[in-house]
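J.:
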Amino acid sequence: MFASRSKTDKEDEFTHKRDAASVSMQLQAYERLVILVDRIALPHLITRVNQPNLSAREMQLTLTQNIRSEFDYNITQQIYVSSEAWNAVKNLKEQNLLIINQLANVLPPNATGLDLNKLLLEFLMNDKKGTLHEVVSEVLSFEAKKLMEQPYSI
Numbered sequence: 027m028f029a030s031r032s033k034t035d036k037e038d039e040f041t042h043k044r045d046a047a048s049v050s051m052q053l054q055a056y057e058r059l060v061i062l063v064d065r066i067a068l069p070h071l072i073t074r075v076n077q078p079n080l081s082a083r084e085m086q087l088t089l090t091q092n093i094r095s096e097f098d099y100n101i102t103q104q105i106y107v108s109s110e111a112w113n114a115v116k117n118l119k120e121q122n123l124l125i126i127n128q129l130a131n132v133l134p135p136n137a138t139g140l141d142l143n144k145l146l147l148e149f150l151m152n153d154k155k156g157t158l159h160e161v162v163s164e165v166l167s168f169e170a171k172k173l174m175e176q177p178y179s180i
């Protein structure tokens with residue numbers, strides 16, 4: 027009887043360590059996704075990649091490639107977070123690409139990257155979709171906090 031009790035204690039300890047490691051990995055994934063959301067948020071992206079000498083078309087490509095590369099770099103994080111959280115991040119990426127491409131298409135052929143950036147920032151100030159990155163960050167933060175509050179099962 028003592029031997030089986032000891033085996034159960036070891037199994038419980040292993041389960042606790044596995045659960046703690048799993049929670050840790052999930053929290054790291056949420057953290058990385060919050061960083062991703064911040065990096066692909068259009069106001070932050072425009073500030074970070076702005077190059078005054080680019081044409082509007084070149085700026086469009088720079089912005090969209092940056093979003094895709096940031097997203098692709100973090101794509102594996104989806105296995106650690108809820109499908110709702112992942113879909114929110116994915117939708118932000120798609121919406122930002124759509125906004126950039128649609129606004130770039132209304133500019134004249136000789137427009138500059140500065141013209142595109144100004145148009146994007148004006149759009150973001152006047153449209154509630156401009157704050158989607160804030161909503162997605164809040165969703166990720168909420169889920170991470172909820173995860174931290176859960177007691178470990180032993």
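Here the sequence shown is numbered in my numbering, starting from 27 and rising by one per residue. Using N, Cα and C, we set each Cβ at its ideal position, and we do this for glycine too.
Taking only runs that begin and end inside the segment 76 to 102, name each unbroken alpha helix (DSSP H) of 4 or more residues, in chain order.
T.: Within the segment 76 to 102, the complete alpha helix (DSSP H) runs of at least 4 residues are 82 to 99.
J.: Which whole-angstrom value is the C-beta distance of alanine 82 and leucine 142, which I expect to be below 8 Å?
T.: Position 56 of the sequence shown, counting from 1, holds the residue named residue 82. Position 116 of the sequence shown, counting from 1, holds the residue named residue 142. So it is a contact: roughly 4 Å between Cβ atoms.
J.: Does the beta-carbon distance from isoleucine 66 to glutamate 96 come in below 9 Å?
T.: Against the sequence shown, residue 66 aligns to sequence position 40. Against the sequence shown, residue 96 aligns to sequence position 70. Closer than 9 Å, so yes.
J.: Taking C-alpha atoms, which residue in Leu80, Leu59, Arg94 lies nearest to serine 109?
T.: As a working mapping, residue 109 is identified with position 83 in the sequence shown. When only C-alpha atoms are compared, the closest one is Leu59.
J.: Round the Cβ separation of leucine 146 and alanine 111 to the nearest angstrom and send it over; I've been treating them as touching at under 8 Å.
T.: The sequence position of residue 146 within the sequence shown is 120, counting from 1. The sequence position of residue 111 within the sequence shown is 85, counting from 1. Actually they are not in contact, since the Cβ atoms of leucine 146 and alanine 111 sit about 26 Å apart, beyond 8 Å.
J.: Tell whether a beta-carbon distance below 9 Å holds between valine 107 and glutamine 52.
T.: Taking the sequence shown and counting its residues from 1, the one referred to as residue 107 is at position 81. Taking the sequence shown and counting its residues from 1, the one referred to as residue 52 is at position 26. Yes, Cβ-Cβ distance for valine 107 and glutamine 52 is below 9 Å.
J.: Under a Cβ-count criterion, where at least 16 other Cβ atoms within 10 Å of its own Cβ denotes burial, should glutamate 120 be classed as buried or exposed?
T.: Translated into the one-based positions of the sequence shown, residue 120 becomes position 94. Classification for glutamate 120: exposed.
J.: With glutamine 128 as the anchor, note down where its alpha helix (DSSP H) starts and where it stops.
T.: As a working mapping, residue 128 is identified with position 102 in the sequence shown. That run of the alpha helix (DSSP H) goes 109 to 132.
J.: If we ignore side chains and look at the alpha-carbon of each, how far apart do leucine 80 and arginine 74 end up?
T.: The count along the sequence shown starts at 1 and reaches residue 80 at position 54. The count along the sequence shown starts at 1 and reaches residue 74 at position 48. Between leucine 80 and arginine 74, the C-alpha separation is close to 14 Å.
J.: From the beta carbon of asparagine 152, is the nearest beta carbon of chain D less than 9 Å away?
T.: Annotation note: the requested chain D is absent from the structure, which comprises a single protein chain.
J.: Under 9 Å between the Cβ atoms of threonine 90 and leucine 129?
T.: Walking along the sequence shown from the start, residue 90 turns up at place 64. Walking along the sequence shown from the start, residue 129 turns up at place 103. No, the pair does not count as a contact, with Cβ atoms beyond the cut-off.
J.: Start and end of the alpha helix (DSSP H) containing asparagine 136?
T.: What you label residue 136 is simply residue 110 of the sequence shown in a count that begins at 1. Per DSSP, asparagine 136 belongs to no alpha helix (DSSP H) and is neither H nor E.
J.: Taking the straight line between their C-alpha atoms, what separation do you get for glutamate 164 and asparagine 113?
T.: If you number the sequence shown from 1, residue 164 lands on position 138. If you number the sequence shown from 1, residue 113 lands on position 87. Looking at the two C-alpha atoms, the distance is approximately 14 Å.
J.: Under the rule that 16 or more other beta-carbon atoms within 10 Å means buried, what is alanine 170, buried or exposed?
T.: Numbered from its first residue, the sequence shown carries residue 170 at position 144. With 16 or more other Cβ atoms within 10 Å, it is buried.
J.: Grouping DSSP H, G and I as helix and E and B as strand, with all else coil, what is alanine 67?
T.: As a working note, residue 67 is residue 41 in the sequence shown. Coil, per DSSP.
J.: On the premise that leucine 62 lies in contact with asparagine 100, defined as a C-beta separation below 8 Å, what is that separation, rounded to the nearest angstrom?
T.: Taking the sequence shown and counting its residues from 1, the one referred to as residue 100 is at position 74. Taking the sequence shown and counting its residues from 1, the one referred to as residue 62 is at position 36. About 5 Å; that satisfies the 8 Å criterion.
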